Each structure stands twice: as structure tokens, then as C-alpha cells.
Amino acid sequence: MAVDKVKKLSKRDLTELTDASEAAIRDGSGFGWVEVPPRAVLERYWRGVLVVPTRSLFLARFENVVCGSVQLVEPPKNKEVWSFAATIDTHFVAPWARGHGLAHDLVDAAEAEAVTQGYQVLNLSVTATQTQAIQLYEGIGYMRWGTLPRYALVKGKFVPGHFYTKDL
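Written as C-alpha cells, this is what we have:
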């Protein structure tokens with residue numbers, strides 16, 4: 259098991275990350291997707307993440323296969339008042355690799371990178387249906403500061419979302 263910050267994706271990494279993404283989406287933890295999009299869309303998404311200079315991508319591997327990710331997102335440069343806080347985004351572990359602490363390891367890696375980059379706070383949001391993610395975040399010191407009743411629209415129904423913050 260390992261978590262690494264990546265600056266490029268090999269063909270194998272992209273294939274495995276796309277496979278893991280599809281599994282997570284099917285399981286209901288699809289970081290914004292409800293239905294699995296065409297494979298080419300997911301591949302473009304992941305390649306696109308790497309060209310955004312304000313995003314750091316971390317990959318989790320289980321038995322040497324990419325199984326999850328997290329992104330550390332820097333605040334916009336034109337929002338000087340937000341310059342102290344970064345955001346965690348696209349945090350998931352494929353269902354077949356859960357239960358080994360990789361979700362926690364991914365957050366640890368994002369937190370360490372945030373500290374290295376000089377951020378004092380990390381923020382994130384999650385749908386209220388993501389009970390395992392909520393338990394993880396609350397268990398490692400993230401404080402829920404609010405709930406938005408209409409956070410996401412899933413199959414025609416509104417789903418609440420929770421907002422979390424943690425001082426680093």
C-alpha cells in the first residue's frame with residue numbers, strides 16, 4: 259500500500275485510475291458523477307487535473323494497483339483573503355480496496371502537502387449519504403460547520419451536503 263503525489267500519469271496509472279473511478283461511481287461515491295461517464299471523459303478529466311497548476315494529485319495504490327485519489331486544491335490567486343486555506347477534493351477509494359486505511363492515508367498526504375505549502379486550514383464538503391467518509395473526516399479532527407439541504411441533485415432528488423474544516 260502506498261500514497262504518492264503524481265505530476266504525470268503513465269498509461270497504466272491512467273487505466274487503473276479510470277477503472278477505480280468507475281468502481282467508485284458505481285458504488286455511489288463518484289465525486290460528482292452519478293452515472294459512469296464514457297471512459298474517454300474520465301480519462302480526459304484525470305489528464306486535465308494534472309495541467310491545473312493549483313491542484314496536487316495524490317494516488318493510492320493497493321497491491322501495486324491505483325485504487326483511489328485525493329486532490330489538494332489551492333485557493334484562487336485573486337482571493338487573497340482565502341490564501342490561508344486549501345480544499346480537499348475528489349477523495350475516494352475504490353470499493354475493492356477499502357478497509358486498509360488508504361482513505362486516511364490519502365487525507366494525511368493532502369494535509370502534509372498543505373502544511374508544506376504554508377496553508378493553515380483545510381476545507382472539504384461531502385454529501386450526507388457518504389457515511390463512511392463522514393466518519394473518517396470527523397474521526398481525524400474535521401469539524402462540521404454547516405449543512406446545505408440542497409447540496410446535490412441525484413436522480414431527481416436533492417441530497418444534503420456537509421461542510422468541514424480543520425486547522426492544520
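Taking this note's numbering, the leading residue of the sequence shown gets 259, the next gets one more, and so forth.
Built from N, CA and C at the ideal position, the CB exists for glycine as well.
Everything numeric in this text was worked out from a predicted model, so none of it was measured.
Boundaries (first-last residue) of the alpha helix (DSSP H) holding residue i
i	result
residue 390	389-397
residue 308	297-309
For residue i, the nearest candidate out of the options (CA to CA)
i	options	result
residue 328	275, 301 and 334	275
residue 353	384, 391 and 297	391
residue 373	424, 339, 303 and 294	424
residue 346	357, 377, 338 and 269	377
residue 384	286, 358 and 261	286
residue 314	357, 348 and 260	348
residue 398	294, 310, 362 and 420	362
Cβ shell of residue i (< 6 Å), same chain only, five flanking positions each side left out
i	result
residue 332	312 and 344
residue 418	386, 405, 407 and 409
residue 400	422 and 424
Opening and closing residue of the beta strand (DSSP E) in which residue i lies
i	result
residue 361	Not the beta strand (DSSP E): residue 361 falls in the alpha helix (DSSP H), residues 360-374.
residue 350	343-351
residue 318	313-320
residue 326	323-331
Neighbourhood of residue i by C-beta distance below 8 Å, restricted to the same chain and skipping five residues each side
i	result
residue 267	275, 304, 305 and 308
residue 325	274, 278, 318, 319, 351, 352, 354, 355 and 360
residue 229	Residue 229 lies beyond the residue range present for the chain, which begins at 259 and ends at 426; the question has no answer from this structure.
residue 334	312 and 340
residue 316	261, 262, 263, 264, 327, 328, 329, 330, 364, 367, 368 and 371
Identified DSSP bridge partners for residue i
i	result
residue 422	382 and 402
residue 410	417
residue 260	319
Same chain, Cβ closer than 7 Å to residue i, neighbours up to 5 away in sequence not counted
i	result
residue 260	319
residue 369	380 and 426
residue 284	294
*Curious, which full-length alpha helix (DSSP H) runs of at least 4 residues does the region 262-288 contain?*
269-285
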